[in-house]
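Residue numbers (the working numbering): 206 to 612. Take a look at the structure below.
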C-alpha cells in the first residue's frame, strides 16, 4: 500500500479537508465558508491548519467529529413552520382513531427542537389513553445530539411560541425545559444520513427532513431521500423543508400544500381529507399551476433538477491570477452586486448570525437578480417568518411553489 500523501501547504490542507467533508457528510462548503474551515483546522493544529488537517487525515476520530460538529449548520427552533405540525396532528388523529401507533423520524434534528415539537403534538393526541407513539431524532453532530437530549432551551428557540402546546414546556431559569411526560417518547442518536442505515423499512408514519438538503449536492440529496422514503410507511407523510431542493415525481407522490410549506404522500394512498387546511391563496393562472406529465421512475421517484450554472467568479480569479488586480477588483464588485448566488449566501450567513432584517435585504437582492430560482424565495420567506411578517412570507412561499410547478 502506498503511503498516504499529506498536505504540505495551508491552501492544500483546506482544500483536502473540504473534499473529505463532502465525501463523509455530503456537506458542500462554498468559498465563503472556507475561512471558517481554516479557523477550525488551526484550532485542531494548535495554530497550524496543516497539522490540524494531518490529524484528521491520519484518522483521529476526535478531531474528525469536532470538525463535523463545528461545520454543520444547526439553525432550528420550536414549532418551526407550524403548517407541518398541524399536518402531523391530523395524521396522528387518524392513526389514533384507527387504533394504530404513530412513529416519527426527525432526520438532521440538530439541537432537537423539532423532535420535542413533534413529541408535544403526539402527546396531546395520544395521552393519557394511549402510549403508542415515538419520535426519533438523529444528527451528524454528537455534541448537538447530547444537547438535544437535555431538552432545555433558551428563549431564542421559543421565538415563535408554542402553538397550542405550552403545557409541555416550563420555565427553567432564563430558559425553558421540556415536560417530563414527553421524555419517554423521544430518543436521540448520532447518525450520518449519507453513510449510515436510517431505520427499519416502512416503519415511520412521518419523516421530517427540513432545511438539511440545502447544504448537499443534488446527487447526495437524491440518495438520502431515497433511503428515507424506504423507511416511510405506505401511507406515511414526508415533510421536506421549504428551502430544500426535494422534488418527488408527482405521478407517484401526492403533493400536499399545508399552509406555507409542503408535504408528500404516496399517490396510491390518498387520504380521505387533507392533512391540514391551508390559508386561502390568491388566484393563480392555469399556466402557472399545471403539472407537466412525467415518465414514472423507479424509487425514490426523484426528479433531477437542472444543473447549476458555472461559477460566476471564475473570470475574477482569472484576472487575479494574471496580476490584473484592479480589473479583478472592479469585476468582483460587479459580480457581487449582480450575482444572485452571492446575495443568497450572504443571506444564509446573516441568518446564522441572527440578523434576519439584513438577511431579508440580501435574499430580496437574490430574488431580483435570479427571479426564476424558487430556492431564493423559500429562504426569503424563512427570514420574513422569523421577523413575524407572516403574510409576506406566505406570498413568497406561494411564488416559490409556483416556480417549482412550472414545466
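Glycine is no exception: its CB is placed at the ideal position from the N, C-alpha and C atoms.
- Under the criterion of beta carbons closer than 8 Å, residue 310 and residue 412 qualify as touching, at roughly 5 Å.
- For residue 604, the uninterrupted alpha helix (DSSP H) segment begins and ends at 595–610.
- In summary, residue 303 is exposed, with fewer than 16 beta-carbon neighbours lying within 10 Å of its beta-carbon over all protein chains present.
- The residue among 396, 238, 403 and 423 with its C-alpha nearest the C-alpha of residue 315 is 396.
- Excluding its 5 nearest sequence neighbours in each direction, residue 326 has C-beta neighbours in its own chain below 6 Å: 290, 293 and 294, listed in chain order.
- Taking C-beta atoms as the reference points, residue 343 and residue 324 fail to come closer than 8 Å.
- Along the length of the region 244–276, whole alpha helix (DSSP H) runs at least 4 residues long occupy 254–262 and 266–276, reported in chain order.
- In this structure, residue 457 places its C-beta atom within 8 Å of the C-beta atom of residue 471.
- Between residue 234 and residue 246, the beta carbon gap of about 12 Å keeps them out of contact (Cβ cut-off 8 Å).
- For residue 552, the enclosing alpha helix (DSSP H) starts and ends at 545–557.
- Distance from the CA atom of residue 388 to the CA atom of residue 286, rounded to whole angstroms, is 23 Å.
- If you look at residue 318, you'll find it in the alpha helix (DSSP H) that goes 318–331.
- Rounded to the nearest whole angstrom, the CA to CA distance from residue 341 to residue 553 is 27 Å.
- Excluding residues up to 5 positions away in sequence, 307, 327 and 330 lie with their Cβ nearer than 6 Å to the Cβ of residue 297 in the same chain.
- Per the C-alpha coordinates, the member of 248, 257, 215 and 272 positioned closest to residue 227 is 272.
- Residue environment: residue 251 is assigned as exposed (fewer than 16 neighbouring CB atoms within 10 Å of its CB, all protein chains considered).
- By the criterion of a C-beta distance shorter than 6 Å, residue 380 is surrounded in its chain by 357, 358 and 359, once the five residues flanking it on both sides are discounted.
- Residue 411 is bridged by DSSP to 309 and 442.
- With a contact defined as Cβ atoms closer than 8 Å, residue 438 and residue 407 qualify at about 5 Å.
- In its chain, beyond the 5 residues on either side, no residue has a beta carbon closer than 6 Å to the beta carbon of residue 253.
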